[in-house]
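**Student:** Sharing a structure, written as structure tokens. Questions coming.
In our numbering, the protein residues as written are 48 to 303.
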């Protein structure tokens with residue numbers, strides 16, 4: 048598996064008597080790099096492309112990561128005459144990863160950080176490879192905007208109390224219309240509690256102005272980028288593009 052997963056942080060040695068694994072050390076991760084440095088768009092694209100390579104490598108062997116987020120994307124960078132350059136990218140933290148044969152799903156577990164979690168992950172499944180792609184789409188937004196779009200700052204909301212606000216934002220940003228929600232609910236199956244939550248969100252969205260991703264503006268937020276994110280973050284997991292398809296998206300053209 049090591050030769051197939053060049054962008055996955057896997058142990059390269061062990062210390063049996065101490066029951067320890069030895070991993071490659073990389074000095075930074077995407078969360079701190081984006082928050083603390085001004086990273087050229089070319090290097091952001093490189094980091095995201097290599098991250099997507101890693102996700103694709105996992106999915107090719109039927110492994111779903113289940114916790115894609117910026118601080119699980121390790122980086123090695125260098126400062127050259129041309130400026131900051133990304134030299135290495137490794138996806139880490141495979142503790143929640145599962146092996147799922149085609150057609151199988153993970154159900155009954157709420158995995159991943161709630162600020163990066165897909166709609167179906169908030170519902171406890173079914174989760175599979177498409178759930179990683181939704182989380183990656185949110186990582187892409189963060190990388191370009193320095194904004195964690197599902198961070199809820201209300202001090203009165205703690206832990207899972209933030210989830211309805213997050214689901215409302217998912218509806219506002221990524222649902223073209225109510226059919227996207229209906230597709231998600233069909234996918235979730237007999238989950239009456241989540242159906243009630245989403246129906247309440249749909250009703251509330253009728254009374255407020257939505258903020259769809261295709262209308263967003265900002266540095267690097269061109270139509271190609273927004274098209275990529277839109278296809279990664281469709282509410283219905285069955286409608287999202289795969290990691291392999293995303294690698295071929297025109298926003299990544301010219302990056303190997």
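Here a beta-carbon is modelled for each residue, glycine too, at the ideal position from N, C-alpha and C.
Reducing DSSP to helix, strand and coil, say where residue 261 ends up.
**Tutor:** It is helical.
**Student:** Roughly how many whole angstroms lie between the Cα atoms of residue 220 and residue 285?
**Tutor:** Rounded to whole angstroms, residue 220 to residue 285 spans 18 Å at the Cα level.
**Student:** Between the C-alpha atoms of residue 241 and residue 213, what's the straight-line distance to the nearest angstrom?
**Tutor:** Approximately 13 Å between the Cα atoms of the pair.
**Student:** Measuring alpha carbon to alpha carbon, tell me which of 235, 277, 68, 132 ends up nearest residue 75.
**Tutor:** When each option's Cα is compared against that of residue 75, the closest is 132.
**Student:** Once the 5 residues before and after residue 177 are set aside, which same chain residues still bring their CB inside 6 Å of it?
**Tutor:** These residues qualify, in order along the chain: 284, 287.
**Student:** Classify residue 208 as helix, strand or coil using the three-state DSSP reduction.
**Tutor:** The answer is helix: DSSP assigns residue 208 an H, G or I state.
**Student:** Assuming residue 11 contacts residue 160 (C-beta within less than 8 Å), just tell me the rounded distance between them.
**Tutor:** Limits of the chain in this structure are 48 at one end and 303 at the other, which puts residue 11 out of reach.
**Student:** Do residue 153 and residue 175 come within 8 Å of each other at the CB atom, strictly closer than that value?
**Tutor:** Going by C-beta atoms, residue 175 is nearer than 8 Å to residue 153.
**Student:** Alpha carbon to alpha carbon, what distance is there between residue 203 and residue 62?
**Tutor:** Computed Cα separation, rounded: 46 Å.
**Student:** Please return the same chain residues whose Cβ sits closer than 8 Å to the Cβ of residue 282, not counting the five positions on each side in sequence.
**Tutor:** Cβ within range, chain order: 166, 217, 218, 221, 222, 227, 228, 230, 231.
**Student:** Just to confirm my understanding: we take residue 98, look at its own chain, exclude 5 residues before and 5 after, and list those with CB closer than 6 Å. What are they?
**Tutor:** So the qualifying residues of the chain are 120, 136.
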